[in-house]
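*Asks:* Under the UniProt record's numbering, the first residue of the sequence shown is numbered 1, with each subsequent residue one higher. C-beta: ideal position from N, C-alpha, C; glycine also.
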Amino acid sequence: MSLLHLAIIAPFLLAVFVPILYKHMKKVHTGWFVLPLPILLFAYFVSFISTTSNKQTVTESFSWISALGIDFTAKVDGLGLLFTLLITGIGALVVLYSIYYLSKDTEKLNTFYVYLLLFMGAMLGVVLSDNLIVLYLFWELTSFSSFLLIGYWYDREKSRYGAQKSMIITVFGGLAMLGGIILLYIMTGTFSITEIIAQSDVILSHPLFVPALLCFLLGAFTKSAQFPFHIWLPDAMEAPTPVSAYLHSATMVKAGIYLVARMSPVFAEHSLWLWLIAGFGLVTLFWGSFSAVKQTDLKSILAFSTVSQLGLIMSLLGIGAAALHFDNIDPALFTVATTAAVFHLINHATFKGSLFMVVGIVDHETGTRDIRKLGGLMNLMPITFTIAIIGAFSMAGLPPFNGFLSKEMFFTGMLSILNMDFNWGILFPVGAWIASVFTFIYSMIIVFKTFTGKYQPEKLEKKPHEAPIGMLISPIILASLVIIFGFFPNILSNSVLEPALQTIMPGFAFDVHIGFWHGFNAELLMTIGVVVVGILLYLTLSKWRSVYGIFPEKLALNRFYDNGLDWMQKGSHSLTNSYMSGSIRNYLAYMFSFIIILLTATLFGKDAFAVNTENVADIGPHEVILASMIAIASVAIMFTKTRITSIILTGTIGYLVSLFFVIFRAPDLALTQLVIETISVSLFLLCFYHLPKKLTDDPVSFKVRNAIIAVGVGAVVTLIALSAHSNKLFDSISQYYIENTYSEAAGGNMVNVILVDFRGFDTMFEITVLGIAALGIYGLIKLRKTGGKKL
């Protein structure tokens, strides 16, 4: 295993030791033991910048399931490095922030940091995996770990609801993505992303191309909260603020962005990729910004703003793909959109991370996030206020912050649509401008509704004051990056942006140079319009906010989600009650009937039935007699009137079968059969001693049904046995056991050697399962004796 693989699994390894550290180091906040890891990982990945800047990649691989083509291949290229720096860099700041935000006296820090490390490791696995199956495993682990983080305060109903919602929606998308992965494998015969990209021309002409494309987009849209799957993100705000700052600004919600960027070389040559991503991204941008303005909870505003910003980035990636479709138009018009997407990806992580931390500070120091109760905190919390201005103004796209630069590039990308021969192209820049106006409004709401206006101490749970310096360090660093990347954006151009862009759009030349001033152009006029109209709408907010009441609540997507869940629960409950009668005999009838139908259909549907009498031993008269006696005893069970007779006949069948083992020279199996049969009959007699002596008089139809099922199962098993014997695809393994039982295992009894040596793990796990079952039964008996009280 390489150092690169170790970097991916390091968070998982540390997570194993966190509970031990928490238990034995209670005087020290557990976060101090976790903090060094993301710092070291960040420093390690920074060392790759010189490699990726030279358009080189680092690939390390080791075989995992080679028979299926699944290798754990870790690859560092420009795109992967960008995301690893975000994951580890923001991760380090979030851990530092959480040390001061979460009290070691009242919170279960062991579980919090275990979940956080699981998520960190899963995200690193997603962005560094070159094998799609491995990527999928890490992808679903991000859903699982985020479910645990969102539901960290599991005693709160809203936390449980938000965690469940995020899990259902993102896992649904993940399963769709798995379908896309399988389709790509059918088309290419490989799970390697590098090899799949190399076969992109072949994939494009394949009939499964479009279904694979749609499956991948479902995975990306659900994870990155694109409309209409965005509804999970606002409810995920019930997580602790450090979780929101990490998952919902820099990492998890960016996983879908990463997937689109990573798979663009495969799918972007199809126009459907362009229009779906650009279209859904623009709708998400508008709906998120429009919905954010009506919120009264600061985290809810940030949640919808995150939805909006994710839509912005997604739409830019879609428009950037247009460079592949219009040969008569300068590709630079569209590559600027991809550049803006990658640049805004970084900018969003800085200003949104700082804003989440600001909201956490406000909540921590005042006891509320409701803007109707807040106001006048500017003088009481001047440092927090300053950070909020920097973050919010950058999000609004105002100079001199980094958000202004990427927002101008966003407008440039949207205006590039007008160069296409597309009748509805004007909707893109117009929609982008309107959404930017709402973005400006909610950015102003965050700052001025919280920190200016009338101070209302009577509505606050705590007396507000500035946060401790430890809680301020992380947002100060992020706010500083907002300013640094604003004044000196080109420090990222050659080192981070260009390598990532080369990965997304291989074959295109990128010479990234970002500047503040580009003259009086359409983008500047759009920005001025956003500011002017935004200020007017903000000042008159109370007069037009009633427009949100026009949209009927019953048509809300959340209502459809909730009603859908209720319908599925009621439907599944009704369906289950229809066949869960409480009768074990009925359950066995269901299972055996299913076995008959499934196996018979498979046997004859695949034309697998065959009878080959070659190499079949002669059947002697004594074997015919034994088989006849077993058949007679089996049929007789159905006609018995007492339980004792049924048990004796069942035992008789078992003893007769043991005679077959004797005839076939398997004394160990015969002895085992006799012992088990004796014990079973004895236990049956002990159990049925307490039941009525006579069996219930079942109707004839019930007996006929059972007879048909019994004959059917017997016939199917017989057909399968004959077919298996007649369709041998390889030599019998028995010769291997004969040759190696003594030489390899030093045993004289072949059956014992098979069970203990050749199938040692199988036997061990069987014993383990039986042991667990025995413990469960013992626990149930003890629980019954104590009347359900704690043992």
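Whole angstroms are fine: how far does the CA of D77 sit from the CA of G353?
*Replies:* About 25 Å.
*Asks:* Taking just the CA atoms, how far does S680 sit from L659?
*Replies:* Spanning the two alpha carbons is a distance of roughly 17 Å.
*Asks:* Quick check: the Cα distance between V28 and Y22, rounded to an integer number of angstroms?
*Replies:* Near 8 Å, if we compare the C-alpha coordinates of Y22 and V28.
*Asks:* So, helix, strand or coil for T73, using DSSP?
*Replies:* DSSP places T73 in strand when its eight states are reduced to three.
*Asks:* So what does S129 bridge to, in DSSP terms?
*Replies:* Bridge partners of S129: A74.
*Asks:* Select from Q735, L685, I277, A122 the residue whose C-alpha is nearest the C-alpha of F428.
*Replies:* F428 has its Cα closest to that of I277, out of Q735, L685, I277, A122.
*Asks:* What are the boundary residues of the alpha helix (DSSP H) that includes residue 796?
*Replies:* Outside the displayed range of the chain (1 to 791) lies residue 796, so it cannot be described from this structure.
*Asks:* When the Cα atoms are used, what is the spatial distance from F112 to S103?
*Replies:* Cα to Cα, the separation comes out at about 12 Å.
*Asks:* Any idea if L116 is buried or exposed, counting beta-carbon neighbours within 10 angstroms, 16 or more meaning buried?
*Replies:* L116 comes out buried.
*Asks:* Nearest CA to the CA of R643: which residue from S308, S493, F684?
*Replies:* Closest by alpha carbon: F684.
*Asks:* Quick one: what does DSSP say D566 is sitting in, helix, strand or coil?
*Replies:* Note: D566 maps to helix in three-state DSSP.
*Asks:* Whole angstroms is fine: what's the gap from T368's alpha carbon to S443's?
*Replies:* Cα to Cα, T368 sits roughly 19 Å from S443.
*Asks:* Does the beta-carbon of L791 have 16 or more other beta-carbons within 10 angstroms, so that it is buried, or is it exposed?
*Replies:* Unreliable positioning characterises L791 in this predicted model, as indicated by a pLDDT of 46, which lies under 50. The coordinate reading is nonetheless provided below. Burial call: exposed.
*Asks:* Buried or exposed: L770, going by 16 or more other Cβ atoms within 10 Å of its Cβ?
*Replies:* The residue in question, L770, is exposed, as its Cβ has fewer than 16 Cβ neighbours within 10 Å.
*Asks:* If the criterion is Cβ atoms closer than 8 Å, does the pair M409 and V512 meet it?
*Replies:* No.
*Asks:* Below 8 Å between beta carbons: does that hold for P11 and A92?
*Replies:* For P11 and A92, no; Cβs fall outside 8 Å.
*Asks:* Within 10 angstroms of the Cβ of M395, are there 16 or more other Cβ atoms? Answer buried if so, exposed if not.
*Replies:* M395 should be labelled buried.
*Asks:* For I483, which residues in the same chain have their Cβ closer than 7 Å to its Cβ, ignoring the five residues on either side in sequence?
*Replies:* Excluding residues within five positions, the ones whose Cβ falls inside 7 Å are I390, F401.
*Asks:* Looking at the structure shown, is I514 part of a helix, part of a strand, or coil, going by DSSP?
*Replies:* If DSSP states are grouped into helix, strand and coil, I514 belongs with coil.
*Asks:* In the DSSP output, what is V662 paired with across the bridge?
*Replies:* None, per the DSSP bridge assignment.
*Asks:* Between Y101, A608, I733, which has its C-alpha nearest V716's C-alpha?
*Replies:* Measuring from the Cα of V716, the nearest candidate turns out to be A608.
*Asks:* Give me the DSSP bridge partner(s) of E60.
*Replies:* According to DSSP, which records beta bridges pairwise, E60 is partnered with A74.
*Asks:* Roughly how many angstroms lie between the CA atoms of Y538 and I441, to the nearest whole one?
*Replies:* For Y538 and I441, the distance between alpha carbons rounds to 6 Å.
*Asks:* Measure how close the beta-carbons of T284 and Q226 come, nearest whole angstrom, since I'm counting them as under 8 Å.
*Replies:* Yes, they are in contact, since the Cβ atoms of T284 and Q226 sit about 5 Å apart, within 8 Å.
*Asks:* Do T84 and L124 have their CB atoms nearer than 8 Å?
*Replies:* Yes, the Cβ-Cβ distance between T84 and L124 is below 8 Å.
*Asks:* By a C-beta neighbour count over all protein chains shown, 10 Å radius and 16 as the cutoff for buried, is A7 buried or exposed?
*Replies:* It counts as buried.
*Asks:* Nearest CA to the CA of A745: which residue from S734, F758, I733, Q735?
*Replies:* Among S734, F758, I733, Q735, the Cα nearest to that of A745 is on F758.
*Asks:* According to the Cβ coordinates, are A631 and S726 closer than 8 Å?
*Replies:* Contact: no.
*Asks:* Mind checking if P506 is an interface residue toward chain C, Cβ cutoff 8 Å exclusive?
*Replies:* Protein chains in the displayed structure number just one, and chain C is not present.
*Asks:* Answer with buried or exposed for K165, where buried requires no fewer than 16 other C-beta atoms within 10 angstroms of its C-beta.
*Replies:* Looking at its Cβ environment, which holds 16 or more other Cβ atoms inside 10 Å, K165 is buried.
*Asks:* What residues are listed by DSSP as bridge partners for D297?
*Replies:* Paired residue(s): D370.
*Asks:* Helix, strand or coil: which one does DSSP assign to R426?
*Replies:* Inspection of the sequence shows that residue 426 is occupied by Ile rather than by Arg. I426 falls in the coil class under three-state DSSP.
*Asks:* For D297 and R372, I'd like the C-alpha separation in whole angstroms.
*Replies:* Cα to Cα, the separation comes out at about 9 Å.
*Asks:* In whole angstroms, give me the CA-to-CA distance for E498 and L492.
*Replies:* Their backbone Cα atoms lie some 8 Å apart in a straight line.
*Asks:* Measure the alpha-carbon distance for G788 versus A774 and round it to whole angstroms.
*Replies:* Residue placement at G788 is poorly supported in this model, since its pLDDT is 49, which falls under 50; the coordinates are not used for a value here.
*Asks:* Whole angstroms are fine: how far does the CA of A198 sit from the CA of F216?
*Replies:* Distance between the alpha carbons of F216 and A198 is about 18 Å.
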